[in-house]
Amino acid sequence: QQQVKQSPQSLIVQKGGISIINCAYENTAFDYFPWYQQFPGKGPALLIAIRPDVSEKKEGRFTISFNKSAKQFSLHIMDSQPGDSATYFCAASGGSNYQLIWGAGTKLIIKP
Amino acid sequence: NAGVTQTPKFRILKIGQSMTLQCTQDMNHNYMYWYRQDPGMGLKLIYYSVGAGITDKGEVPNGYNVSRSTTEDFPLRLELAAPSQTSVYFCASSYPADRGKQYFGPGTRLTVT
Numbered sequence: 001q002q003q004v005k006q007s008p009q010s011l012i013v014q015k016g017g018i019s020i021i022n023c024a025y026e027n028t029a030f031d032y033f034p035w036y037q038q039f040p041g042k043g044p045a046l047l048i049a050i051r052p053d054v055s056e057k058k059e060g061r062f063t064i065s066f067n068k069s070a071k072q073f074s075l076h077i078m079d080s081q082p083g084d085s086a087t088y089f090c091a092a093s094g095g096s097n098y099q100l101i102w103g104a105g106t107k108l109i110i111k112p
Numbered sequence: 001n002a003g004v005t006q007t008p009k010f011r012i013l014k015i016g017q018s019m020t021l022q023c024t025q026d027m028n029h030n031y032m033y034w035y036r037q038d039p040g041m042g043l044k045l046i047y048y049s050v051g052a053g054i055t056d057k058g059e060v061p062n063g064y065n066v067s068r069s070t071t072e073d074f075p076l077r078l079e080l081a082a083p084s085q086t087s088v089y090f091c092a093s094s095y096p097a098d099r100g101k102q103y104f105g106p107g108t109r110l111t112v113t
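First to last, the sequence lines map onto chains V and G.
The first sequence begins at 1 in the working numbering and counts up one residue at a time.
The second sequence begins at 1 in the working numbering and counts up one residue at a time.
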């Protein structure tokens, strides 16, 4: 119930294409779903986040789609650029948890 | 604001040695966390703290200890280092109301040989 399952493990996308990373959760008490971006040698940094009262949130080229009934959410990167090459983590928090529950991460490579 | 700072950046330990990884934040965050990240893997929570004097175990606490005497500082102690503790260690902090918004330090890369 505490897990967040993330897929795919790795992803290669051509420059200008759409990158899509998916996550699924079980705990219906979760009420905050962030995505973190991590570049090599750096700590993760919050990229974008959504709460379950909306189905989509967009910030620039980054969009979170949220499906409450399916307990799934996904990150879409439009017009993917080589600078987007990084590892992306989904996560979830809420309920009595003091912690973030993390997905396993997706290594994204954007080919020029 | 410096945010979350960690020292040292790199360290090589011999098996059986001990060391303390330092973490300081200047954002007045109540919540602080220690994670480890093995190569190509995700983040695993070692310990967390919800305020000065209060700490609790995460997913992988064995071989580590923490203390939280001030809001700003959350040191992680490794006793009797083992090769399995070779990893990158990240400290993070957050506000209680925004525990999903964690701010990470730059990490400490530790090698135990």
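All residues carry an ideal CB built from backbone N, CA and C; glycine is no exception.
Measuring straight from C-alpha to C-alpha, what distance separates residue i and residue j?
| i | j | result |
| --- | --- | --- |
| residue 19 of chain V | residue 92 of chain V | 21 Å |
| residue 29 of chain G | residue 76 of chain V | 31 Å |
| residue 112 of chain V | residue 81 of chain V | 8 Å |
| residue 108 of chain V | residue 98 of chain G | 27 Å |
| residue 56 of chain V | residue 48 of chain V | 11 Å |
| residue 102 of chain V | residue 82 of chain G | 25 Å |
| residue 12 of chain V | residue 53 of chain G | 46 Å |
| residue 2 of chain V | residue 71 of chain V | 13 Å |
| residue 62 of chain V | residue 78 of chain V | 7 Å |
| residue 71 of chain G | residue 41 of chain G | 30 Å |
| residue 91 of chain G | residue 15 of chain V | 33 Å |
| residue 75 of chain G | residue 23 of chain G | 6 Å |
| residue 56 of chain G | residue 93 of chain G | 15 Å |
| residue 6 of chain V | residue 27 of chain V | 15 Å |
Looking only at its own chain, which residues have a Cβ that is under 7 Å from the Cβ of residue i, when we skip the five neighbours before and after it?
| i | result |
| --- | --- |
| residue 78 of chain G | 18, 19, 63, 64 and 85 |
Might you give, ordered along the chain, the residues of its own chain that have their beta carbon closer than 6 Å to the beta carbon of residue i, omitting 5 neighbours on each side?
| i | result |
| --- | --- |
| residue 105 of chain V | 87 and 89 |
Who does residue i pair with in a DSSP beta bridge?
| i | result |
| --- | --- |
| residue 62 of chain V | V:59 and V:77 |
| residue 99 of chain V | For residue 99 of chain V, which the question treats as bridged, DSSP gives no partner whatsoever. |
| residue 36 of chain G | G:44 and G:89 |
| residue 111 of chain G | G:12 |
| residue 14 of chain V | V:111 |
Leaving out five residues before and five after residue i in sequence, what residues of the same chain have Cβ atoms less than 8 Å from its Cβ?
| i | result |
| --- | --- |
| residue 54 of chain V | 66 |
| residue 45 of chain G | 33, 34, 35, 58, 59 and 60 |
| residue 85 of chain V | 108, 109 and 110 |
Requested in this report: Could you list the residues in the region 82-110 of chain G with a C-beta less than 7 Å from some C-beta on chain V, going in chain order?
Outcome: 90, 99, 100, 101, 102, 104, 105, 106 and 107
**Report entry** Short-range partners of chain G found in the region 59-91 of chain V, where Cβ spacing is below 8 Å
**Finding:** 89 and 91
Query raised in the report: Looking at chain V, which residues of the region 28-62 of chain G have a Cβ within less than 8 Å of any of its Cβ atoms?
Result: 31, 33, 40, 41, 42, 43, 45, 48, 50, 56 and 58
Query - Residues from the region 33-51 of chain V in contact with chain G, defined by Cβ distance under 9 Å - result: 33, 34, 36, 38, 41, 42, 43, 44, 45, 46 and 49
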